[in-house]
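Enquirer: Here the sequence shown is numbered in my numbering, starting from 912 and rising by one per residue.
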Amino acid sequence: MTQLAITSEQKYWSDAQLSALKQLGLSNAGNGDLAFFFHQAQRTGLDPFARQIYMIERGGRYGIQTSIDGLRIVAQRSGQYAGQTTPYWCGEDGVWKDVWLGKAPPLAAKIGVYRAGFSEPTWAVARLDSYCPVGRDGKPMGLWNKMPDVMLAKCAEALALRKAFPNDMSGLYTDDEMGQADVVVVAEQPKPKKVDMALVSNKKSGNQDSAVVIDWDSIDKELEEKTTKEQIKAYWFEKKTILDEMTPWGGTLRQILLDKVALIDNEAVNK
912 MTQLAITSEQ KYWSDAQLSA LKQLGLSNAG NGDLAFFFHQ AQRTGLDPFA RQIYMIERGG
972 RYGIQTSIDG LRIVAQRSGQ YAGQTTPYWC GEDGVWKDVW LGKAPPLAAK IGVYRAGFSE
1032 PTWAVARLDS YCPVGRDGKP MGLWNKMPDV MLAKCAEALA LRKAFPNDMS GLYTDDEMGQ
1092 ADVVVVAEQP KPKKVDMALV SNKKSGNQDS AVVIDWDSID KELEEKTTKE QIKAYWFEKK
1152 TILDEMTPWG GTLRQILLDK VALIDNEAVN K
């Protein structure tokens, strides 16, 4: 057994596990979030260090996600899992097909999951417009653009597995299902063009009267030169005082940077 393995006797993460979680991007997670994550990992028996289950931050809040393989593992370990049907897809005509050959993506997918003691499979239907993330150009993003039938089938399978095993999988959602949650809403952010002053806390001196100037025109010019996610990340840390301590302008700048990252991702997909 490795130092990172979670045991049934544990009450909380060990020091070695906490260090590993920080390397996985959870250095800013609070004790309450980490405690909930530990509970879910121990309850499901999924390994966070093998990325079977993980915690992700969205909008300043943490949530638990798993892969579709993680849900399959939970179902298998229950001893009640009896397999599933083949996936089916349909378009506007509503005719279900066991293989999707159309050039346009399917509009819905369904899968049935068998559980011991159930006379019929537990069916679930996933609709394309409920799960497919769309970029600024209105086109599906990432793998949804390349293999929409596969992605939609995985969402239907996750729904069916949760319906068949609610006690084991309650509150667990896959990354495929949460794709739309990562999409930045395309909306013009309120961005004043005049130089604004805002009082922030000066941590070094403890002086509450120090001031930071936000020159939005300069920020616009600086961001035009940032063409990679690594450059945006570095810029984020450069402006950390504004992002962390100022409102409402900190929130505005944060959204501008997230928009820039989404644009970079979208351009990469469409190349």
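The beta-carbon is built from N, C-alpha and C at its ideal position, and this holds for glycine as well.
What you are looking at is a predicted structure, and each value in this text was computed from that prediction instead of being measured.
Taking G981 as part of the beta strand (DSSP E), name the residues at either end of that continuous run.
Expert: Position 70 of the sequence shown, counting from 1, holds the residue named residue 981. No beta strand (DSSP E) contains G981, which is instead part of the alpha helix (DSSP H) from 979-988.
Enquirer: Using three-state DSSP, classify G1117 as helix, strand or coil.
Expert: If you number the sequence shown from 1, residue 1117 lands on position 206. Caution is warranted here: a pLDDT of 43 is assigned to G1117, below 50, making its placement in the model unreliable, and the coordinate value is therefore given only provisionally. Reduced to three states, the DSSP call for G1117 is coil.
Enquirer: How about Q976 and Y965: are their beta carbons less than 8 Å apart?
Expert: Here residue 976 is taken as the residue at index 65 of the sequence shown, counted from 1. Here residue 965 is taken as the residue at index 54 of the sequence shown, counted from 1. Yes, these two residues count as a Cβ contact at 8 Å.
Enquirer: Suppose you measure from the CA of D1079 to the CA of N939; what does that come to, to the nearest Å?
Expert: Taking the sequence shown and counting its residues from 1, one reaches residue 1079 at position 168. Taking the sequence shown and counting its residues from 1, one reaches residue 939 at position 28. Taking the straight line from one Cα to the other gives about 28 Å.
Enquirer: Closest by CA to S1041, which one among W1007, F1029, D1087, T997?
Expert: Position 130 of the sequence shown holds residue 1041. When W1007, F1029, D1087, T997 are compared, the shortest CA-CA separation from S1041 is found for D1087.
Enquirer: Go through its chain and collect everything with a Cβ distance to L915's Cβ below 7 Å, but skip five positions before and after it.
Expert: To locate residue 915, count along the sequence shown from 1; it is residue 4. Hits under 7 Å: A927, Q928, A931, F960.
Enquirer: For V1094, which residues in the same chain have their Cβ closer than 8 Å to its Cβ, ignoring the five residues on either side in sequence?
Expert: If you number the sequence shown from 1, residue 1094 lands on position 183. Residue confidence for V1094 is low, a pLDDT of 46 falling below 50, so the modelled location carries little weight; the figure read from the coordinates is stated next. So the qualifying residues of the chain are P1044, V1045, G1046, M1052, A1173.
Enquirer: Could you spell out the range, first to last residue, of the alpha helix (DSSP H) harbouring E953?
Expert: Within the sequence shown, residue 953 is the residue found at index 42, counting from 1. Correcting the residue identity first, residue 953 is Gln in this sequence and not Glu. Where Q953 is concerned, the enclosing alpha helix (DSSP H) stretches over 942-955.
Enquirer: Identify every residue that forms a DSSP beta bridge with M1000.
Expert: In the sequence shown, the residue the question calls residue 1000 occupies position 89. The amino acid at residue 1000 is misidentified as Met; the sequence shows Trp. According to DSSP, which records beta bridges pairwise, W1000 is partnered with K1008, A1020.
Enquirer: Just to confirm, are E1068 and I979 a CB contact at a threshold of 8 Å?
Expert: Counting from 1 along the sequence shown, the entry for residue 1068 is found at position 157. Counting from 1 along the sequence shown, the entry for residue 979 is found at position 68. For E1068 and I979, yes; Cβs fall inside 8 Å.
Enquirer: Would you decide whether Y923 is buried or exposed? Buried here means 16 or more other CB atoms lie within 10 Å of its CB.
Expert: By 1-based counting over the sequence shown, the position of residue 923 is 12. It is exposed - the Cβ of Y923 has fewer than 16 other Cβ atoms within 10 Å.
Enquirer: Are T1033 and G1023 closer than 8 Å when you measure CB to CB?
Expert: Here residue 1033 corresponds to residue number 122 of the sequence shown, with the count starting at 1. Here residue 1023 corresponds to residue number 112 of the sequence shown, with the count starting at 1. Against a cut-off of 8 Å, the Cβ pair of G1023 and T1033 comes out as a contact.
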